[in-house]
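Visitor: Handing you this structure, nothing more for now.
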Amino acid sequence: MTPAPATLPWHVHLAMYLRLFAIQGAWNYETMTGNGIAFALEPALRRLPGGRGGPAYCEAMARQSGYFNAHPYLAAVAVGALARAELDGVPAAQIERFKVAATGPLGSVGDRLIWAGWLPFCSALALLAFGLGASPTTVVALFLGCYNVVHLGLRAWGLRAGWRHGLHVAQALGTPVLRKGPAHVTRATALLAGLALPSAAVGIIGPGRAVLGLVLGGVVAGAAVITSLQGRIAGWRLAIAVLTLFTILSLVR
Amino acid sequence: MIELLVGHLLPLALLGALLGLDVVAFPQAMLSRPIVAATLVGGFLGAPDRGLLVGVALEFFALEAMPFGATRYPEWGSASVVGSALFTPATDGTTGAMLLAVLFALITAGLGGASMHLLRQVNAALAKRQQVRIARGSGGAVVALQLAGLTADLLRGGVLTFGVLLVLGPAYRRALEAMTISASFSRAMVVGTASAVGLAALWKLGRTTPGAPWYLAVGLVAGFALAGGLL
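Chains Z and V supply the protein sequences, listed in that same order.
For what it's worth, my numbering labels the leading residue of the first sequence as 1, then goes sequentially.
For what it's worth, my numbering labels the leading residue of the second sequence as 1001, then goes sequentially.
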């Protein structure tokens, strides 16, 4: 007879969800997010036979605190899936294989969707709002509201999808939002950022608008120079050099 | 010019600690993005609109360095606190105020990035010390390690913000008194540099996505027309 599928009370789901926000709390170059995965899983593992401190709990905790790396928001998918696998009594070797296989996709999908997509999109939206004269409260609320709707939703969806599908969660990652979404978000970001950049520049320069044409021309030329360097030096480091030079010139003049 | 009061240092360090923590460790809700963090600090010092100005300038730079995995990147939480704390109290028209505030914020961002790299090594050392207990499956060791990492990161941001404001605050005031460039030129210089970095970052993000460079070009043309209408 097949054992009944494991169930998880809502308060355990909630505890895991809240712990996900600190999943990178002990991030390091050796185990990366590994300890965070064990930390987020821990409330679920207490429900293993023998309870907290029992042999099953200790074996699972030891297994889960090893190396793991993923995008911090999509690590929720792994946490849900691993909780399901541990409570369903899936063999340890299968769990280890899943962890190795999940690292790449959960990292790259999250990086493209959030770091290269949604975050710059929300930045561009807030910059445009500033450029159009929105108040500080509106700009901040717009940025935080837009960004965190997706952030909080993605963590909740990931945990639920992982728990529902267990180690077969790859099918949930095949959803069109995750496959095609990043490209659409990138295009929308490009359009919005292009729109936002000149008006935000006008918003900062304020009374000195006579120099605006010169500045915007310099922006395009400067961007071309930074791009041509192809990452050999980061733009913000180059900016430190340029701004330091101008400061020194201004002081000695 | 309103002086940054010594009494503000501790609350600002606390803000730097909390916003520095948000960058990676907890809760990564992007409260640490310059456009948010600098405005919050501006609000704390009584001028959110000035905090927003410096936040927007720093946000352009932040577009370049997203927190991808194990890469090293600048830490914008504490940096935004420093930039806004320096710029907000300066009155409009103060010579070079934005130039220096942004420059010092960028230096802080670099120091913050280096301190995060150091913290990750400390976390690895702490994990090594707990290795035996963790290998035995101790839930207490896992939780303790997580809490130690969070606490260390909180302290890192606080100490960094406090130290930088303590050292660079007086240097900022002295340099402002000696600077000769106009306020509008100072802002134009910052905007030009920041926007160039931001535009290059957007190009880098979008160039591998089919059609995205065209969307950027169309957006820029429309943006220039919109900016012309705003003048």
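No residue lacks a Cβ here, since even glycine has one placed at the ideal position from N, Cα and C.
#1: List, in order along the chain, the chain V residues whose C-beta lies closer than 8 angstroms to that of R84/Z?
#2: Compare the Cα-Cα distances from E42/Z to each of G1139/V, A1062/V, V1082/V and report the closest residue.
#3: Within a Cβ cutoff of 7 angstroms, which residues of the same chain sit near V1142/V, ignoring the five residues on either side of it in sequence?
#4: Determine the DSSP secondary structure at N148/Z, reduced to helix, strand or coil.
#5: Against chain Z, which members of the segment 1022-1033 of chain V pass a CB distance test of less than 9 angstroms?
#6: By DSSP, does L1098/V sit in helix, in strand, or in coil?
#7: Verify the CB distance criterion: does F121/Z have a CB-CB separation below 7 angstroms to chain V?
#8: Can you tell me whether Y67/Z is buried or exposed, with buried defined as 16 or more other CB within 10 angstroms of its CB?
#9: By the 8 angstroms beta-carbon criterion, what residues does the segment 1143-1174 of chain V contribute toward chain Z?
#10: In the DSSP assignment, find the alpha helix (DSSP H) that holds T33/Z and state where it starts and stops.
#11: Rounded C-beta distance between A38/Z and G162/Z? I'm assuming under 8 angstroms.
#12: For N28/Z, write down the residues that DSSP places opposite it in a beta bridge.
#13: Kindly confirm or deny that the segment 95-111 of chain Z and the segment 121-140 of chain Z touch, where touching means at least three C-beta pairs closer than 8 angstroms.
#14: For M1116/V, which option in A1217/V, L1099/V, G1077/V, A1212/V has the closest C-alpha, if you only look at C-alpha atoms?
#15: Could you give the first and the last residue of the continuous alpha helix (DSSP H) run that contains E1177/V?
#16: Could one say the Cβ of M61/Z lies closer than 7 angstroms to chain V's Cβ atoms, at least one of them?
#17: For a test of the three-state rule: what should DSSP assign to F301/Z, helix, strand or coil?
#18: Could you tell me which residues DSSP pairs with F68/Z in its beta bridges?
#19: Rounded to a whole number of angstroms, what is the C-alpha to C-alpha distance between A75/Z and G53/Z?
#20: With a cut-off of 7 angstroms, does the C-beta of E96/Z fall near any C-beta of chain V?
#21: Below 8 angstroms, how does it come out for the segment 183-200 of chain Z and the segment 1205-1223 of chain V: are there three or more Cβ pairs, yes or no?
#22: Could you pull out every residue in the same chain whose Cβ sits closer than 7 angstroms to the Cβ of P1074/V, ignoring the five residues on either side in sequence?
#23: Does E1075/V come out as helix, strand or coil in the three-state DSSP assignment?
#24: How is the alpha helix (DSSP H) around E96/Z delimited, first residue to last?
#25: In whole angstroms, give me the CA-to-CA distance for A1048/V and S1084/V.
#26: Within the segment 1016-1041 of chain V, note down every full beta strand (DSSP E) run reaching 3 residues or more, in order along the chain.
#27: Quick check on A1047/V: does DSSP put it in helix, strand or coil?
#28: Give me the residue from T247/Z, L159/Z, R179/Z with the minimum Cα distance to I23/Z.
#29: Note down, in chain order, all residues in the segment 23-44 of chain Z with a beta-carbon under 8 angstroms from any beta-carbon belonging to chain V.
#30: With distance defined between alpha-carbon atoms, name the residue in G1007/V, A1222/V, F1162/V nearest to A193/Z.
Guide: On the basis of the supplied data:
#1: By Cβ distance, chain V contributes nothing, its closest Cβ being about 19 angstroms from R84/Z, past 8 angstroms.
#2: G1139/V
#3: I1134
#4: helix
#5: V1024, A1025, F1026, P1027, Q1028, A1029, M1030, L1031, R1033
#6: First, the amino acid is wrong: residue 1098/V is Met here, not Leu. Of the three classes helix, strand and coil, the one that applies to M1098/V here is helix, per DSSP.
#7: no
#8: exposed
#9: V1143, L1145, Q1146, L1147, A1148, G1149, L1150, D1153
#10: In the DSSP annotation of this structure, T33/Z is not part of any alpha helix (DSSP H), being labelled neither H nor E.
#11: Not a contact, Cβ separation roughly 15 angstroms.
#12: M32/Z
#13: no
#14: Ranking A1217/V, L1099/V, G1077/V, A1212/V by Cα distance to M1116/V puts G1077/V first.
#15: 1139-1178
#16: yes
#17: This structure cannot settle anything about residue 301/Z, because the visible part of chain Z is limited to 1 through 253.
#18: M32/Z
#19: 25 angstroms
#20: Not closer than 7 angstroms to any Cβ of chain V, the Cβ of E96/Z fails to qualify, so no.
#21: yes
#22: So the qualifying residues of the chain are A1065, A1109, G1110, G1112, G1113.
#23: coil
#24: 92-110
#25: The sequence as given places Pro at residue 1048/V; Ala does not occur at that position. Their Cα atoms are separated by approximately 9 angstroms.
#26: none
#27: coil
#28: L159/Z
#29: Q24, G25, A26, W27, N28, Y29, E30, T31, M32, N35, G36, A38, F39, E42
#30: A1222/V
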